[in-house]
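Quick notes on the structure that follows.
Numbering (my numbering), first residue to last: 39 to 231.
Set out below in structure tokens:
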């Protein structure tokens, strides 16, 4: 079953529509969608290692633009959409603690959490809710998301073939690890945010 899913994922990664899908997944993940763009960035970069840098750039741009949507949700739509998303992830009771954390360490929160598996949408919505400095927010998002996606692209560009061989053999484990990283990210966000 996993072998067929892996072959299907690779064929999608080679599709001419894959970069567009990558952009929208990166965009959505920064504002409302739970699946990280790594799920499509990895097979795309393995399928076409020469385009790994382009894919990382697409992810970065999509993620930063999505972060602006997340910021807007927090700033403008908190009482409706923002509160629902924050409550969905069980952060409602911690908003006052987050406000104090952001006043002192907002830049570090954005940089660190943007590079980790912690859902970035939580960072973007909270940043908007707390009115974090918008130009600084955009700059920090560019740095942290760019670092994350370009580091992954670097790894895949230079070690893509050995990684592809591992994925050919252990794709089911890759999916399990990716799912565990998403769950761990939500759990860590609940503990640290």
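Virtual Cβ for every residue (Gly too), placed ideally from N, Cα, C. Values in this document were obtained by computation on a predicted structure and should not be read as measured data.
Short Cβ contact (8 Å threshold) for residue 83 with residue 93: yes
I think residue 166 touches residue 87, with their Cβ atoms under 8 Å apart; what is that distance to the nearest whole Å? Not confirmed; about 37 Å, so no contact.
Does DSSP put residue 214 in a helix, a strand or coil? helix
Taking the alpha carbon of residue 58 as the reference point, which residue from 156, 187 and 78 has its own alpha carbon closest? 78
Taking the alpha-carbon positions, what's the residue 129 to residue 206 distance? 39 Å
Taking the continuous alpha helix (DSSP H) assigned at residue 119, which residues delimit it? Premise fails: residue 119 is in no alpha helix (DSSP H) and is neither H nor E.
Are the CB atoms of residue 68 and residue 162 nearer to each other than 8 Å? yes
Nearest CA to the CA of residue 126: which residue from 62, 157, 134 and 114? 157
Pairwise C-alpha distance: residue 106 and residue 190: 23 Å
Close Cβ partners of residue 211 (< 7 Å) along its chain, the five nearest in sequence each way excluded: none
Among the residues of its own chain, which have a CB less than 7 Å from the CB of residue 116, if the five just before and after it don't count? 167
Taking buried to mean at least 16 other C-beta atoms within 10 Å of its own C-beta, is residue 75 buried or exposed? buried
Exposed or buried, which one is residue 148 when buried takes at least 16 other CB atoms within 10 Å? buried
Quick check on the burial criterion: 16 or more other C-beta atoms within 10 angstroms. Buried or exposed for residue 66? buried
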